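Each residue of the sequence shown is one higher than the last, beginning at 3 in this note's numbering.
Ideal Cβ placement from N, Cα and C applies to all residues, glycine included.
Treat the numbers as computed from the prediction; the structure is a model and nothing was measured.
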Amino acid sequence: MSDLDANVLNLRTPGVSFNKGKVMGECRTSRVISVFLVLFLVLTGCSASRYKQKADTDVYRIIEQKQRDVFGHDQPFSIETEWSQRPPEEIPPEEIIASRDSTGSLTLDLPESLKYAVINNRTYQTRKENLYLAALALTAERYLFEPRFDHSAEAGISRLSNDERVNFSNRFSVAQLLERGTSVGLSIVNELAAFTTGDPRRTATTLLSVNLVQPLLRGYGADIVAENLTQAERNVIYEIRAFTRYQRTFAVDITSRYYRLLQQQDTVRNEWSNYQNLIRARQRAEALSVDRLPEFQVDQTKQDELRARNRYIDAVEQYRASLDEFKLLLGMPLSMRLSLDPTALAELADMGLPPVPLTEATAIQMALANRLDLINTVDRFDDSKRKILVAADALKGNLDFFAEASLISDPNDQLARFNADDWVGRAGFRFKLPLDKLRERNAYRRTFIDFERQLRELSLAVDEIRDDVRGALRVLESARQNYQIQRISVDLARRRVESANLLLEAGRAETRDLLEAQNAMVQAQNALTRALVDYHLARLGLLRDLGMLDLVPTGLESRLDEAGTEAPLPVPGDGEEQLLTPDELF
3 MSDLDANVLN LRTPGVSFNK GKVMGECRTS RVISVFLVLF LVLTGCSASR
53 YKQKADTDVY RIIEQKQRDV FGHDQPFSIE TEWSQRPPEE IPPEEIIASR
103 DSTGSLTLDL PESLKYAVIN NRTYQTRKEN LYLAALALTA ERYLFEPRFD
153 HSAEAGISRL SNDERVNFSN RFSVAQLLER GTSVGLSIVN ELAAFTTGDP
203 RRTATTLLSV NLVQPLLRGY GADIVAENLT QAERNVIYEI RAFTRYQRTF
253 AVDITSRYYR LLQQQDTVRN EWSNYQNLIR ARQRAEALSV DRLPEFQVDQ
303 TKQDELRARN RYIDAVEQYR ASLDEFKLLL GMPLSMRLSL DPTALAELAD
353 MGLPPVPLTE ATAIQMALAN RLDLINTVDR FDDSKRKILV AADALKGNLD
403 FFAEASLISD PNDQLARFNA DDWVGRAGFR FKLPLDKLRE RNAYRRTFID
453 FERQLRELSL AVDEIRDDVR GALRVLESAR QNYQIQRISV DLARRRVESA
503 NLLLEAGRAE TRDLLEAQNA MVQAQNALTR ALVDYHLARL GLLRDLGMLD
553 LVPTGLESRL DEAGTEAPLP VPGDGEEQLL TPDELF
């Protein structure tokens, strides 16, 4: 039998040379230790940033693949921020504090606001990091089923009487877990000892060993062994769906806040216009009080002027508070001056009321088929079933087949040369009765409770989606009718102000009539803008609840095909549409 040549697994260490098992040259203690330290620094000198980059590469590859699995395409994804490329120790807290004291100005339309929020919103960044961490956890589970390499080395000196000895050991191993639970491993250990004083004796041996363990009862089978890997794979998919759902909800929230600010701007303008009108009304009343108006009517105009001034101050303060809240939502420093697109509200009015012609039944079925949060709940329901099988496996006894074999080189021969006939091995079975299983029993029972809880979660999720859709449809229809009513109300209020002015000039009306007409006018104008915004936001909310809304670079985009749907298109009315009577309602 020929000797085995282990040159393929050459573990020679730089600075230590072996020739046919003999150490070449005399080696002083300080020199050996220096060589070992240099070796250690070389092997561990890889930049930590390379590990970070490798983690990013693996995680981003996983996320791209999972996105294609879920949606058929991948989207750009990164958790990098403006601070990510700088070493943490170079970022003092004073710099963070100073960065929140920007005094610049910025004008944002709605798409730009969405882009700004995606980059700067703190919660949005946290949700991206949650997805990253789920994929990072998956890399660890996948690694368990890949070859795992390990290495350790030790160098030292020992002294006995007048003898001084240098010891060096080097161990290299590789292990892998297979899908059926099989664990295989290979290890090679080098041992070197050399006396530097006294008798220059030297020994050098290598141990080569292989081992295998195969579970036959507990822990056998791909479904059991790979359960943690399976769950980690599914967790990434869940997080992708949850993040996508969050993106849509987040975009609707940004849009809602943006249009509410525009509504408040319109309210501020209306209150200012009303205040200016009342100033003119008061001035006119004072001019007429000389011979035509009693003093109490002049006082009425003064009181209404003061109330209008107060309403304007309140409207300004409410707008400023809402604007600061919007800046916080965007992640913008509060000290920055933010301006909104002044034409956005007019564009919204020009758009009118885009219909969503869906029956309730069709809308509910659409939501049940497209809601990503519901799909996650369904999959977690399946997870809870699988956990029962895994917990049941833990109740089994342990029966493992094992096999080991090893070769050791002759200390007086070459370091990596073996005699194939001189090997040691053993094989057999290990069995452990399932006697101590209280924890496993409790875990098994708990899985049934978790299953029923998940069952209830699924039924609740379906009911909540139905409630969301039904409520969104009702809110949308209510907003549509309210808009029609307020549009008519504004026309009536405008004519009422014109009429009151004419009658007052003709002496056929009192100042109070004009004041009431102007007050009704500003209320109607504010209500019309609010109704317009209410409808568009209700429509966005419905599309979100249907799972038919996507976030695109230009804003929000509906995937709802409004052609060929079942519900008839609502016809703009005069505010006198047929209403349900209380008897019909109850």
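By the three-class DSSP mapping on this structure, what secondary structure does Asn169 have? strand
Tyr321 versus Phe328 - alpha carbon distance: 10 Å
For Ala323 and Glu273, believed in contact at Cβ under 8 Å, the rounded distance: Not a contact, Cβ separation roughly 16 Å.
What three-state label does DSSP hand Thr269 in the structure shown? helix
Would a C-beta distance cut-off of 8 Å place Leu548 and Val471 closer than the cut-off? yes
Leaving out the 5 sequence neighbours to the left and right, which residues in its chain are closer than 6 Å to Val18 when beta-carbon positions are compared? Reliability fails at Val18, whose pLDDT of 33 lies under 50, so the model's placement of it is uncertain and no value is given.
One or two residues paired with Ser175 in a DSSP bridge: Asp152 and Ser189
Which of helix, strand or coil DSSP assigns to Gln216: strand
Close beta carbons around Glu229, own chain, < 6 Å, minus the five adjacent residues each side: Val392
Since Asp71 is in the alpha helix (DSSP H), which residue starts that stretch and which ends it? It spans Ala50 to Phe73 - the alpha helix (DSSP H) in which Asp71 sits, taken as one unbroken run.
From Leu336, Leu374, Gly183 and Asp326, residue whose alpha carbon lies closest to that of Ser104: Leu336
Do Arg220 and Asp395 come within 8 Å of each other at the CB atom, strictly closer than that value? yes
Given a cut-off of 8 Å, decide if Leu325 and Leu263 are closer than it, judged by their beta-carbon atoms. yes
Is the separation between the beta-carbon of Met338 and that of Leu108 shorter than 8 Å? Going by beta carbons, Met338 and Leu108 fall inside the 8 Å limit.
Sort Asn192, Leu462, Gln367 and Leu112 by Cα distance to Arg173 and report the nearest one. If we check each option's Cα against that of Arg173, Asn192 comes out closest.
Tell me the DSSP bridge mates of Lys434? Asn400
Thinking just about the alpha-carbon of each residue, which of Ile98, Leu544 and Arg167 is nearest to the one in Arg468? Leu544
Which residues in the same chain as Gln87 place their Cβ atom closer than 8 Å to its Cβ, once the five residues preceding and following it in sequence are excluded? Within the same chain, Gln87 has no close Cβ partners at all.
Inter-residue Cα distance where the pair is Asp552 and Val120: 14 Å
Drop a sphere of 10 angstroms on the beta-carbon of Phe433, count the other beta-carbons inside from all chains shown, and report buried for 16 or more, exposed for fewer. exposed
Would you list the residues sitting across from Arg428 in a DSSP beta bridge? Glu406
Thinking C-beta only, is Tyr248 closer than 8 Å to Leu350? no
Does the Cβ of Lys68 have 16 or more other Cβ atoms within 10 Å, making it buried, or fewer, making it exposed? buried
Would you report the Cα separation of Glu307 and Arg282, rounded to the nearest angstrom? Rounded to whole angstroms, Glu307 to Arg282 spans 9 Å at the Cα level.
Met523, buried or exposed, once every other Cβ within 10 Å from all chains shown has been counted against 16: Counting Cβ neighbours within 10 Å, Met523 comes out buried, since at least 16 surround it.
Give the secondary structure of Ala195 by DSSP, where H, G and I count as helix, E and B as strand, and everything else as coil. Correct three-state label for Ala195: strand.
Could you tell me the distance, in whole angstroms, from the CA atom of Pro584 to the CA atom of Arg259? Approximately 35 Å between the Cα atoms of the pair.
Supposed close pair Gly333, Asn122 - CB separation, criterion 8 Å: About 3 Å separates the two Cβ atoms, so the contact holds.
In chain order, what residues of the same chain lie with their CB nearer than 6 Å to the CB of Asp536, ignoring the 5 residues before and after it? Only Ala481 meet the Cβ criterion.
DSSP three-state call for Leu209: helix, strand or coil? DSSP places Leu209 within a strand segment (E or B) once states are collapsed to three.
For a test of the three-state rule: what should DSSP assign to Ile256, helix, strand or coil? helix
Considering just the uninterrupted stretch of the beta strand (DSSP E) at Val554, what are its terminal residues? Leu551 to Val554
Residue nearest to Arg144 in terms of C-alpha spacing, selected from Ser160, Phe252 and Gln178: Gln178
Contact defined as beta carbons within less than 8 Å: I believe Phe277 pairs with Tyr240. What is the distance between those atoms, to the nearest angstrom? Inspection of the sequence shows that residue 277 is occupied by Tyr rather than by Phe. About 54 Å separates the two Cβ atoms, so there is no contact after all.
Is Pro584 helix, strand or coil when you go by DSSP? helix
Starting from the C-beta of Arg489, find all residues in its chain whose C-beta is less than 7 Å away, skip the five residues before and the five after it, and write them out in chain order. Leu530
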